[in-house]
Structure formats: C-alpha cells, structure tokens
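Be aware that the sequence shown starts at 1, since it is given in the UniProt record's numbering, and climbs by one per residue. These notes are about the structure you will find just below.
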Amino acid sequence: MVLQELSDNAPGRLVPYDQRPYYSPDPLPPETELQFEGDFYELLSEATFWLGKLSGFSRTTEFAPVLYTSLLRKEAMESAEIEGADIDYNALYSFETRSLDNPKSDGDPVTAVDETKDVQEVLNYERALENGINALDRGDEISTDLLHILHETLLTDVPDDRRETDTIGAFKTVPNHLGEFVPPVPSVVDGLMDALLTYIRTGGSYHPLIDIALTHYQFETIHPYGDGNGRLGRLLITLQLHNQEYLEQPTLYLSEYFNRYKETYVDRMTAVRKYGEWEAWIEFFVTGIRHQAEESLLRSQELYTLQQEYELEYGDNAAAYAQLACTLFEQPYLTAAVVQNLLDVTGPTAYRALDRLEEEGVLEETTGKERNREYRAREIFEILERPPRTY
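What follows is the structure, encoded as structure tokens:
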C-alpha cells in the first residue's frame, strides 16, 4: 500500500516511517455516517433473531458437556486453522484421551513433539476463551489488562517456529508487516488501543452487532501484538457478544465463516482501509453472525436430540455397554483404559462394552490398529464435522 493508493474517503492516513509508511486508522466511529440499504436491516434483524434462538436454547436446555465443549472447540479449531494449523477432531480428542491414559505426575497432559504445535494452539484458544468469559461474568471489563492476559494464554507453550514474537502478554515492541500493509508502529499502539477500548466500554454509536464489526476491523488494523492478533481479535468478538448478552454460552463459531471466506474477509477489510467501504465489510460480518448462529443452533439441537435418543434406548439398562452409551456425551472419544475408569469396570468388561457399541454403530474405531485402539462416538462426530448447511 503506497501513499497515492488511499482515497479521500480512507478512514486513516499513511505516516512516513523508516523505509515504508505505516497506516494510522482514525478513531471510531467512522467520520461519515454509515448508510445501509433496506435489506441490510432485514439481515441485521435475522442475525439478532438467530442469536436470540441460540442463547435461548442455551438457557433452557441442560447442556451435556459435549454440547458446550465441542462447539467451543470447533471455534478454537477453525480459528487455529486460519493461522495455518492442521488439526481435526480426531487428533485433538485422541491427544486428550491419551493424556487421560498416561498423565504426568504433575497432572499435565503427555505431549508428543509432533503433536504439540497445532494441538497447543487449539487448547490455548479454548482456555483463553473460557477465561475471558469467566472474567466478564465476574464483572471485569474488556480492558488492556484482560487482553494481555488472554494474549499470554494464547501463545504460552506454542513452539518458536509457530510464533512470530517473543513479546507475550504485552503490545508489540517492533513493527509488524502484513504483506504490503504496515500496521501502526509500537509507539502509537497504546493511544490507539485506549481509544478503541473506550469505544467498546462506552457502548459504541450503532447497533451492537455493527459496533462489534467496527471494533473487529479496528483491532485487526491496529494489530497491536507481535503475533496472535487474528486469534485474539476473533476471540474478542465472542467476548463482546457475551458481554452484550447476545450469547449465553460461547457456542458461536464465527471462525468457520471467516475460514471459508478468507479472501473476502481480507478484501473487505482492505477496502475499508483504502476507500472507506464500511458498509460492505459490516454486511459481510453480520451475514457471518446470522448464518453461524443458525448453524450453531442446528448442531446444538441435533446433539441434544441424539442425547435424548440414547437415554431412551440405553438409559434403563444397567449393562456396561448401555452405561457407556449414555456417557458418550461427557466423553465422546475413548480407549479401553478410559472406559475402565469411567465405569469402574475390569478390562474385559470394558472391551466387551466397546465391541458391543461398535457392532451397533454407536462407536467407530479410528486407528486401524490391533493394539492401543481408540474409539469415537460416530453420530456425535458426524454432527460436529458436517459442513455448514445455511450457506
């Protein structure tokens, strides 16, 4: 991005710096009043409606752990994938299950070097999101201190070859580049972030979903950290939705939408920076919320219905295999050793229970090995791994 590429409508300016100028965004709200077509307000109403349906389901349904954890995990996995991680549900649940089989003396998971890179990023994102939600529920504000804590959580124990900074839990100390785009340099980040956080805390100037779109753009444009800005920026969306009482639980996985439309995501932000095309960015963002809220509700409802079906079929049966079927919504990925601990049964009983549910199609073996076999709840994972259906 060179100086003459910015139009008069650009919500920022290029500031000479070293060999290349950096982009300094204007504070929010945009100087020019936003103008939307009538169909945008219908879209905004639909997004609000589906968020309400999703939150209402969360409030009125006794969530099994898999309903909460797996959707939070889906957001963490999609967010990590945007950053280049290559991981799926099998790899993540297998890692955790083997950790249950072989815990260290200090209780930390046993890690293999070749697994650590991607798994660690996903687990860090989960932990940061949960910590952020808990902080807001305690009455904390979205603040610099909270962002620093979450940033540290996101990057802790991530290997050096997956990290672009040594500065963790603090704003960047050296400039960073995004291709041709140079975000604000370290010396101006504090002031820009103070203005952004003030805008968030004072409630913004527009409908909350529009304001969240504005603040996400602003955060990613400031790019205040040496690394992890994408992950933290996406996490901040969920925190804002929760803080604005649009989300009862962090079960909206908006990163799935961003992941499938990465090019559009980047193009829309670039168009704001260069030409001030706010409306197109906001429409793209709100469209994502509208569809992902419906997607999350559909998956939640299907998982809940499946849980009820298992309870109806197996709930009154005292046999080990029946008990195991009903615990799949707490532990959907298993080994024989895990089953022994879950049900407090012998090894042979655990193997018989696994074999019975595999025969019935409830479980499927994932390794193809004769020893150290691993099983997953087939129908649960089919729901979780299904491609989006609303777009």
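Positions of the beta carbon are idealized from the N, C-alpha and C atoms, including for glycine. Everything numeric in this text was worked out from a predicted model, so none of it was measured.
Here's a check: name, in chain order, each residue in its chain whose Cβ is nearer than 8 Å to the Cβ of residue 265, leaving out the five neighbours to either side. Residues 258, 284 of the same chain have their beta carbon placed closer than 8 Å to that of residue 265, with the five preceding and five following residues left out of the count.
Using a Cβ-Cβ cut-off of 7 Å (strictly less than) and excluding sequence neighbours within five positions of residue 233, which residues of its own chain qualify? Around residue 233: 216, 219, 220.
Anticipated Cβ contact below 8 Å, residue 34 with residue 279, distance rounded: Yes, residue 34 and residue 279 are in contact; Cβ-Cβ is about 6 Å, under 8 Å.
Please determine, among 213, 324, 353, 18, the residue with the shortest C-alpha to C-alpha distance to residue 200. Among 213, 324, 353, 18, the Cα nearest to that of residue 200 is on 213.
Taking the Cβ atom as the reference point for each residue, do residue 319 and residue 339 lie within a distance shorter than 8 Å? It is not a contact, given that the beta carbons lie outside the stated cut-off.
Whole-angstrom distance between residue 43 and residue 160, CA atom to CA atom: Taking the straight line from one Cα to the other gives about 42 Å.
Determine contact between the stretch 247 to 256 and the stretch 68 to 87, defined as no fewer than three beta-carbon pairs at a distance below 8 Å. Cβ pair count under 8 Å is three or more, so yes.
Within 8 Å, do at least three Cβ pairs link the stretch 307 to 321 to the stretch 284 to 298? Cβ pair count under 8 Å is below three, so no.
Using alpha carbons as the reference points, say which of 208, 379, 175 lies closest to residue 364. Cα-wise, what sits closest to residue 364 is 379.
Contained alpha helix (DSSP H) runs [length at least 4] in the stretch 276 to 334, N- to C-terminal order: Correct list: 278 to 314, 320 to 327.
Per-residue burial, residue 312 [other beta carbons within 10 Å of its own, 16 or more giving buried]: Exposed.
Taking only three categories from DSSP, how would you classify residue 374? Shown here, residue 374 sits in coil according to DSSP, grouped into three states, outside any helix or strand.
Starting from residue 23, trace the beta strand (DSSP E) both ways and give me its first and last residue. 22 to 25 is the span of the beta strand (DSSP E), which, as asked, contains residue 23.
Which whole runs of the alpha helix (DSSP H) in the stretch 331 to 365 are 4 residues long or more, in chain order? Within the stretch 331 to 365, the complete alpha helix (DSSP H) runs of at least 4 residues are 336 to 343, 347 to 359.
Going by beta carbon distance, what residues of the same chain come within less than 8 Å of residue 332, once the five residues before and after it are set aside? Cβ within range, chain order: 66, 70, 93, 376, 377, 380, 381.
Could you pull out every residue in the same chain whose Cβ sits closer than 8 Å to the Cβ of residue 383, ignoring the five residues on either side in sequence? 299, 302, 303, 306.
List the DSSP bridge partners of residue 14. Looking at the DSSP output, residue 14 shares a beta bridge with 23.
Can you tell me where the alpha helix (DSSP H) holding residue 47 begins and where it ends? The continuous alpha helix (DSSP H) containing residue 47 extends over residues 38 to 60.
Looking at residue 174 and residue 124, is the spacing between their C-beta atoms short of 8 Å? No.
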